[in-house]
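FYI, the numbering for the sequence shown is 7 to 526, going by the working numbering.
Every residue, glycine too, gets a C-beta built ideally from N, C-alpha and C.
Here's the structure, in structure tokens; my notes come after.
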Amino acid sequence: MKYYSIRFKLTSILILIVGFVIVFTWFLNHAFADKYYISSEKDNIVKTFQDVKKVLHDTSAQETINEEMEQISNSTNIKMMIAQSSDFYFTQVVIFSNMADGSKTYEEILGYLDQIRSQVILGREEGIFDEYSKRRHLLPWQNEEEDNFVTLIQKGYFVTQLTDPSGQKGIYLFGFTDDNYLIAMRVSLEGIQASADISSRFLAYTGFSGILIGSIIIFIVSTQFTRPIKDMAVVANKMTHLDFDAKVHVDTGDELQILGDSMNQMSEKLESTIADLKAANLELQKDIEKKEQIDEMRKEFLSHVSHELKTPIALIQGYAEGLKENITDDEESKDFYCEVIADEAQKMNTMVKKLLTLNQIEFGNQQLNMQRFDICQMIQNKLASTQILFMKKNNRVVFEEKGPVYVWADEFMIEEVFSNYLSNALNHVFQDGVIRIWFERKDKDLRIHVYNDGNQIPEKDLEKLWIKFYKVDKARTREYGGSGIGLSIVAATMNAHGKQFGVTNEENGVDFYFDLDCGN
7 MKYYSIRFKL TSILILIVGF VIVFTWFLNH AFADKYYISS EKDNIVKTFQ
57 DVKKVLHDTS AQETINEEME QISNSTNIKM MIAQSSDFYF TQVVIFSNMA
107 DGSKTYEEIL GYLDQIRSQV ILGREEGIFD EYSKRRHLLP WQNEEEDNFV
157 TLIQKGYFVT QLTDPSGQKG IYLFGFTDDN YLIAMRVSLE GIQASADISS
207 RFLAYTGFSG ILIGSIIIFI VSTQFTRPIK DMAVVANKMT HLDFDAKVHV
257 DTGDELQILG DSMNQMSEKL ESTIADLKAA NLELQKDIEK KEQIDEMRKE
307 FLSHVSHELK TPIALIQGYA EGLKENITDD EESKDFYCEV IADEAQKMNT
357 MVKKLLTLNQ IEFGNQQLNM QRFDICQMIQ NKLASTQILF MKKNNRVVFE
407 EKGPVYVWAD EFMIEEVFSN YLSNALNHVF QDGVIRIWFE RKDKDLRIHV
457 YNDGNQIPEK DLEKLWIKFY KVDKARTREY GGSGIGLSIV AATMNAHGKQ
507 FGVTNEENGV DFYFDLDCGN
């Protein structure tokens with residue numbers, strides 16, 4: 007669909023309106039101007055007739071009459087002939103005339119009017135109608151549309167539009183007064199028609215110029231008027247593409263400014279609403295992902311737990327059935343059976359506790375209790391409590407740091423991390439091997455290293471150590487009672503603290519580390 011700009015539409019409509027008004031005005035002027043001029047001149051000639059009657063009634067001096075008539079004629083551009091009637095033999099004496107053309111004709115008309123005037127004065131109106139009704143055609147330029155005879159009898163004058171014997175077109179008035187004066191007046195129509203034609207042509211020229219100039223002005227005004235609307239259209243289009251940075255800047259002080267302000271408010275509300283919806287969708291997406299993660303972890307948990315519990319349950323079941331069926335009567339064997347059952351039950355209990363701890367950390371159910379404590383003192387206490395375990399394998403523990411060394415963390419959880427590292431080192435260190443613990447300061451962090459002499463971890467297994475139930479050497483892990491959960495607890499705890507942790511292979515062993523905040 008083809009669209010036209012509002013500026014084009016507004017400009018076109020206004021130009022059409024202006025053009026129509028000018029053309030319509032020209033048509034009215036061309037069609038009715040001459041009629042209007044003629045009507046005005048008829049009214050003017052009647053008024054002049056009344057003025058002349060008054061002057062003739064009030065003035066008797068011939069010289070004064072001539073001056074007054076000349077003045078009236080010049081001011082109104084009306085030619086006049088005035089004759090004074092004598093009731094004796096219907097004779098007329100012209101006392102003023104500036105109607106040179108056709109004077110004899112006008113004198114004859116005045117004589118004819120004098121006869122009618124005499125009959126009216128004698129009170130013979132009915133007789134006049136009877137006598138002259140058959141002679142109406144004798145009244146000058148009588149026609150069917152204008153009953154000049156009746157008008158003359160009723161008003162004492164009549165006005166008509168004629169072409170006189172000399173060929174001049176004009177408006178004529180013929181009348182008489184009660185003071186025995188007979189009056190003929192004439193206004194030429196040639197000047198009126200010429201003026202009407204000139205006026206019509208002038209209006210056509212000025213109208214065309216007006217349309218041209220008006221079109222330019224209308225275009226400029228329309229451009230200024232529609233600019234805010236175009237700006238709002240641009241902003242609205244950007245809003246449809248969710249771009250709410252653009253704003254409407256309209257300072258017109260009218261409805262356009264109100265509309266612009268409303269669009270800005272709507273843009274802000276839409277932006278806020280969409281932001282809220284996005285946040286809600288993001289939260290919903292996180293909830294869905296978390297639920298899926300929980301479901302996956304639950305499946306994984308059940309799978310691993312089932313697998314890990316299979317062996318101890320089988321051992322417990324086997325030895326319990328042996329005791330029940332009295333397979334051996336040897337008390338020493340029975341004690342061994344009971345020790346195996348108790349040992350396997352203890353392993354299952356330890357594994358379940360670790361799993362519960364791991365789940366609490368991973369699901370965020372265990373809140374961090376951040377506090378400042380001496381990590382050096384904590385390590386020394388832990389080493390003192392586990393010294394007997396190292397002595398069994400004739401291992402040597404090297405920790406040369408002198409306290410206090412303060413860090414920010416959850417002391418209980420960090421102690422669990424260190425315990426898992428230490429247990430892992432004890433389980434994998436060589437006989438007569440060394441376990442070395444030291445600190446490395448990195449800006450505002452403190453890195454705690456736990457190294458043990460022993461076999462290196464295959465590179466393919468380094469990243470998998472932190473996965474629950476993952477075991478590099480399953481047989482050996484089973485031998486020392488490992489569950490594959492300890493390092494997963496380390497990973498979950500350090501992720502909760504937002505700190506780094508990891509493992510690297512060294513030349514003669516393996517180095518595990520984790521970072522803590524040591525800033526003030």
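Distance, residue j Cα to residue i Cα
| i | j | result |
| --- | --- | --- |
| D467 | G515 | 15 Å |
| R141 | T157 | Because R141 sits at a pLDDT of 46, beneath the cut-off of 50, its placement in the model cannot be relied upon, and the following sentence gives the value as read from the coordinates. The straight-line gap from Cα to Cα measures roughly 15 Å. |
| S81 | I71 | 15 Å |
| I28 | D64 | 50 Å |
| I381 | F424 | 10 Å |
| L288 | I21 | 56 Å |
| D184 | L62 | 10 Å |
| V52 | H36 | 26 Å |
| E151 | G220 | Here the model assigns E151 a pLDDT of 47, short of 50, so the residue's position is not dependable, and the following value carries that caveat. Taking the straight line joining both Cα atoms gives about 46 Å. |
| L276 | R378 | 47 Å |
| W472 | W444 | 22 Å |
| F164 | M75 | 20 Å |
| K15 | I226 | 13 Å |
| S79 | S194 | 13 Å |
| Q437 | N375 | 38 Å |
| T212 | V24 | 13 Å |
| H455 | V358 | 28 Å |
| E345 | Q323 | 13 Å |
| G525 | R447 | 11 Å |
| F520 | L283 | 40 Å |
| E196 | K175 | 7 Å |
| K85 | T31 | 33 Å |
| L452 | V509 | 16 Å |
| E302 | S494 | 16 Å |
| F214 | S201 | 20 Å |
| I224 | S46 | 37 Å |
| F342 | N332 | 14 Å |
| Q291 | L522 | 32 Å |
| R130 | V58 | At R130 the pLDDT is 47, less than 50, meaning the model places this residue with poor confidence and gives no usable figure here. |
| N104 | A89 | 12 Å |
Strand pairing of residue i, partner residues [DSSP]
| i | result |
| --- | --- |
| G515 | D459 |
| V61 | DSSP lists no partner for V61. |
| T166 | Y178 |
| S194 | G176 |
| R402 | V440 |
| V413 | F379 |
| E446 | R453 |
| T510 | D517 |
Closest Cα partner of residue i within the set the options
| i | options | result |
| --- | --- | --- |
| V435 | A286, S425, Q462 | Q462 |
| Q383 | A281, Y412, V404 | Y412 |
| K271 | E47, V241, Q167, L283 | According to the sequence provided, residue 271 is Gln. The question's Lys does not apply to it. Nearest C-alpha to Q271: V241. |
| L188 | L179, A390, S194, A202 | L179 |
| M238 | D267, I224, I222 | D267 |
| N186 | E417, S66, I333 | S66 |
| G439 | A202, V404, T169, W414 | V404 |
| S249 | T258, S278, T17, L265 | The question names Ser, but residue 249 in the sequence shown is Asp. Closest option to D249, Cα to Cα, is S278. |
| K408 | S103, Q386, Q90, T392 | Q386 |
| V254 | N511, L265, T232 | L265 |
| Y457 | K470, E469, R442 | R442 |
| I491 | K292, Y42, Y427, R207 | Y427 |
| M500 | D517, I420, N332 | I420 |
| E417 | H503, L329, Q352, S429 | H503 |
| I394 | E422, A351, W414, S429 | S429 |
| M354 | I222, L116, I319 | I319 |
| M191 | F208, Q199, L168, K297 | L168 |
| N83 | I198, F518, F182 | I198 |
| A431 | N511, K305, A415 | N511 |
| K305 | K474, F507, Y43, T232 | K474 |
| P234 | D251, T258, K244, F26 | T258 |
Bounding residues of the alpha helix (DSSP H) (the contiguous stretch that carries residue i)
| i | result |
| --- | --- |
| L493 | 492–503 |
| S91 | Looking at the DSSP string, S91 is not in any alpha helix (DSSP H); the run it does join, the beta strand (DSSP E), is 85–92. |
| A431 | 417–434 |
| F250 | Here F250 belongs to no alpha helix (DSSP H), and DSSP marks it neither H nor E. |
| K466 | 465–468 |
| Q77 | 68–82 |
Extent of the continuous beta strand (DSSP E) to which residue i belongs
| i | result |
| --- | --- |
| Q377 | 376–380 |
Proximity test, residue i beta-carbon vs the ligand ZN heavy atom, cut-off 6 Å
| i | result |
| --- | --- |
| N35 | In the structure shown, the ligand ZN is absent, as is every other ligand, since no ligand is present at all. |
Task: 3 or more residues per run - each beta strand (DSSP E) lying fully within the stretch 255–335 - done: none
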